[in-house]
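What follows is a set of notes on a single structure, which appears directly below.
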Amino acid sequence: DMEKQRDGERWRKGVVVLVAAPFQGHLTPMLELGSILHSRGFSITVAHTLFNPPNPSNHPHFSFLPFSHPQHSNTPISSHNLTTITSTLNTNCASPLKHSLLLHMNQHNVLCLIYDGLMHFADSVARQLNIPSLLLRTTSVTNLLAYHALLHQQNLPNFKDREGWREMEVPNLEAVRFKDLPNFNCPDSEALLKQLKKTVGVRPSLGVIFNTVECLEAQYINKLHQQYLKVPIFAIGPLHLMARQHSSSSSSSSFLKEDYTCIDWLNKQSPRSVLYLSLGSIASWDQKQLTQMARGLVNCNQPFLWVVRANHNIIVNVVGDEEVKKGIEERGCVVRWAPQKEVLAHEAVGGFWSHCGWNSTLESMSEGVPMICQPYFGDQTINSRLLTHVWKLGLQIQYNNNNNNAIEEGEIEKAVTRLLVDEEGKEMWKRAQEMKHHIRQAVTQPAASSYNALDSLVHHLLSLCL
Ligand code: UDP
């Protein structure tokens, strides 16, 4: 009866429709936002593509509204096709979404639409249907400022003629150098600029939600608000902690099945001894890099948990070397997909070697785990710069730029020792504990930033019900 009563109330409050992007690092925070708003009494409908759909049975409290036809069903996502896939979605999905929404609105009281920043076509749909809208950014505020900087680069007078310009700080964006600006591996730079302009230019009527925490980026949040984005900004992250704190559901939104055997393995390791190594859901190593990585890791003498998405037998095949094979068996645990949040929370983990995707960055900081940063593309270079130079919670792996960005010989051993053994790493660990504390405060204390921003967001949504 309680449940029925609450459902009745939910009906009164109305439906929030989430337009999710079909990528792991975007879908997860969007569904977490859904759980949080559901716990505040809103009904949640997840509008999604048939390509990389969420699994409805993991989220019994939500309704699901598929739209569009699978266009890339057999294409594995990589850094090389991400921009094209996104652009195709934006070109093709407006009318399918509109159609599905119209049907949904016949039966439900739709209050507002919250769309992922990559799915900016949804903004025009919301306008056509007269639905108020919010945008969810699953990357940092600093990254959005970096997009602005990229778009303005053309206007900077001849900066590319100056010697060493790549090492220089971007005007108006302290700590970020030109070489840290996002790069998209996209051969068609015209198309890319067009995309960037669109995503940077959308103005959802109710404001923008960021999966970030004020204590991480306060100065950049102010700058963004003053210079570019006059609509309300709600910094309510990290969403995974907010969802844990403010809602009861904790369902998985992983496309791949999480392998929990690595937790048993971690249980057998000593505290803070393990290096956790993962590149997220898109970036990957080629065979040469895999081999180099395996050799480096085996030389380190520290236990390691390694996520190799493609197929972890590949390591055994690639690395013909018997000694390396033996080293991996002795000290390593290799899985295709790990329950990352549990791994980072495990006391055996002492460091995280990461590509610095924004979710991984937030998850690591939320558990006080310092990082080795190996950024590949997109916002990862920005996150890596913030980690190494602003928050001082990570160290960057050194590349040999003369050799196609290969890692320098001996560099892996050096980095792992610095992080897990040296005094430098111990200092970093301490700073990471402090950061964890600040982040947790923001999420749990009623007057603190993320908690407050969520209240303000809910208030905005409730005012739509009147
Ligand atoms: N992740 C996971 N298991 C893994 C590797 C990654 O659950 O073995 C999750 C991780 O917790 C994060 C997401 O996948 O939430 C990756 O997002 P991120 O923004 O870090 O990187 P992306 O995949 O977008 O490059």
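Residues 45 to 510 (the UniProt record's numbering) make up the sequence shown, in order. Beta carbons are placed, not taken as given, at the ideal position from N, Cα and C, and that holds for glycine.
query: So what does DSSP say about D308, is it helix, strand or coil?
result: helix
message: By the three-class DSSP mapping on this structure, what secondary structure does G469 have?
response: helix
- prompt: Taking just the CA atoms, how far does L146 sit from G394?
  reply: 51 Å
query: If you draw a straight line from the C-alpha of V90 to the C-alpha of I307, how long is it?
result: 31 Å
- prompt: Any idea if H70 is buried or exposed, counting beta-carbon neighbours within 10 angstroms, 16 or more meaning buried?
  reply: buried
field: Whole-angstrom C-beta distance between E468 and H284, which should lie under 8 Å
entry: Not confirmed; about 29 Å, so no contact.
query: On the three-state DSSP scale, how would you describe G251?
result: strand
task: Report buried or exposed for G232, applying the criterion of at least 16 other Cβ atoms within 10 angstroms of its Cβ.
output: The residue asked about is misnamed: residue 232 is Asp in this sequence, not Gly. D232 is exposed by the Cβ-count criterion.
message: For S177 and A392, what's the separation of their Cα atoms in angstroms?
response: 43 Å
field: Runs of beta strand (DSSP E) lying entirely within the stretch 370-434, each at least 3 residues, in chain order
entry: 376-379, 393-398, 415-417
- prompt: Three-state secondary structure (DSSP) at residue 30?
  reply: In the structure as shown, the chain starts at 45 and stops at 510, and residue 30 therefore has no counterpart that could be examined.
task: Could you check how far apart the C-beta atoms of R375 and P347 are, in whole angstroms? I think they sit under 8 Å.
output: 5 Å
- request: Report the option in H192, L81, L510, M409 whose CA atom is closest to the CA atom of Q289.
  value: L81
message: Could you check if K381 belongs to the surroundings of ligand 1, using beta carbon to heavy atom distance under 7 Å?
response: Reading the sequence as shown, one finds Trp at residue 381 and not Lys. Checking every heavy atom of ligand 1 against the Cβ of W381, one is found closer than 7 Å.
- prompt: ligand 1 heavy atoms versus the CB of A327: any closer than 7 Å?
  reply: yes
query: Is it right to say S294 is buried, meaning 16 or more other beta carbons lie within 10 angstroms of its own, or is it exposed?
result: exposed
message: On the criterion of 16 or more Cβ atoms from any shown chain inside 10 Å, does Y272 qualify as buried, or is it exposed?
response: exposed
- prompt: Cα-Cα, which of S298, P110, G324 is closest to L94?
  reply: P110
field: C-beta atoms of N136 and S112 nearer than 8 Å
entry: yes
task: Counting only runs of 4+ residues fully inside the stretch 141-229, write out the alpha helix (DSSP H) ranges in chain order.
output: 165-172, 185-196
query: Exposed or buried, D466, counting other C-beta atoms within 10 Å across all chains shown (16 or more means buried)?
result: exposed
message: According to DSSP, simplified to helix, strand and coil, what is Q313?
response: coil
message: Closer than 7 Å to a non-hydrogen atom of ligand 1 - does that hold for the CB of F67?
response: yes
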